[in-house]
Amino acid sequence: MTTTIGTCWPALPYDEWKDIYATLHLWTQVVGKIALAQAPPLNHCWGVALRVNARGLTTQPLPHGERTFTIQFDFIDHQLVIGASDGAMRTLALRPRSVADFYRELLETLAAMQLAVKIHPLSTELPQPIRLDRDTEHHSYDPDYANRFWRILVQVERVFTESRCEFVGKSSPVNFFWGSFDLAVTRFSGRRAPPRNGPAFEREAYSHEVISHGFWPGSGPLLQPAFYAYAAPEPAGFKEASVRPEAAYYHREFGEFILPYEAVRQADAPDAMIHAFMRSTYECAADLAHWDRGALDRQASA
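Read in full-length UniProt numbering, the sequence shown has 206 at position 206, and its numbers run on one by one without any break.
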């Protein structure tokens, strides 16, 4: 499948793909939990996040004894590809199938490759936890919508990486988090944050002051794809800040600035609109939180 410039930012109407989205979210949780079981415990859970690549979403290299393996969602040929460092490879079809069926076949395939993994089968970061190994309710897949979503991620990852170049302090890679099903990049002030309540992964993620930007397909009170920006802890005055572009607004229930994806998709210069959103929200949050921007921001060359 080839992609023209005109389809770089395809439509992704929530209602038309919500069942596919829900199934794909749970499939990524199965793969993510395998990464969680095998990956070294890098700071802020970065080692278990998925990454965007030229065919889909992939784990990072996962050690298994003296071997290493990866699991990739290929949204061009619509297959799950398991590749090991000794050359072994297996594929599973991405097609309408239950989460339980996906779970069973994937773990059985890993075991047959001498890459057996044990995972906790309960979903994470969902309002109602789901037993992944028993879930037959979610079983939808459509190649077109899966490919659309991935094509958007390719463009967002590119723009987020460009934005990351403007910051010389500690910054995360552009990570796809399978718990919340979003693509995110995060900047750090270098100062520890006040301790917070919540599960261990949240305490680890927010151990230091951060300003984060991301993209996700929508959920809860916002049933549309959108970009977001937040600061943790949030400095006083942030929610009242004036940010760019005009389409951006502060969502009080989420505690984040939101830029609807549709506004970006319809813009004459989508990249420039995303950059404006990221710069303005970062500058407002960093100034209000008294970050040392002289040390953290890349200075223009003389």
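All residues carry an ideal CB built from backbone N, CA and C; glycine is no exception.
* Among residues of its own chain, excluding the 5 on either side of Ala289, which ones have a beta-carbon nearer than 6 Å to its beta-carbon? -> Pro235
* Relative to the alpha-carbon of Arg131, which residue among Arg148, Pro245 and Tyr103 has its alpha-carbon at the smallest distance? -> Tyr103
* Ignore the nearest five residues each way along the sequence and tell me which others in Asp19's own chain have a CB closer than 8 Å to its CB. => His138 and Ser140
* Asked: Name the DSSP bridge partner or partners of Val48?
  -> In the DSSP output, where bridge partners are listed per residue, Val48 has none listed.
* Have a look at Gln299, Phe176 and Lys33 and flag the residue whose alpha-carbon is nearest the alpha-carbon of Val52. => Distance check between Val52 and each of Gln299, Phe176 and Lys33 places Phe176 closest, using alpha-carbon atoms only.
* Among residues of its own chain, excluding the 5 on either side of Gly56, which ones have a beta-carbon nearer than 8 Å to its beta-carbon? -> Gln72, Phe73, Asp74, Phe75, Ile76 and Trp150
* To do: Report back the beta-carbon spacing between Cys45 and Phe201 to the nearest angstrom; my notes put them in contact at under 8 Å.
  => 6 Å
* Asked: Should Cys45 be flagged as near chain C, meaning a C-beta pair shorter than 7 Å?
  -> In the displayed structure, chain C is absent; only one protein chain is listed.
* CA-CA distance, Ala84 and Ala54? -> Computed Cα separation, rounded: 19 Å.
* At which residue ranges does the region 176-210 contain complete alpha helix (DSSP H) runs of 4 or more residues, listed in the order of the chain? -> 200-205
* alpha helix (DSSP H) runs contained entirely in the region 239-273, provided each spans 4 or more residues -> 261-266
* Rounded to whole angstroms, what's the CA-CA distance from Phe69 to Pro199? Just pull it up for me. => Whole-angstrom Cα-Cα distance: 28 Å.
* Asked: Alpha carbon to alpha carbon, what distance is there between Arg196 and Gly6?
  -> Reliability of the predicted coordinates at Gly6 is poor, the pLDDT of 48 falling under 50, and the value obtained from them is presented with this limitation in mind. So the alpha carbons of these two residues sit roughly 44 Å apart.
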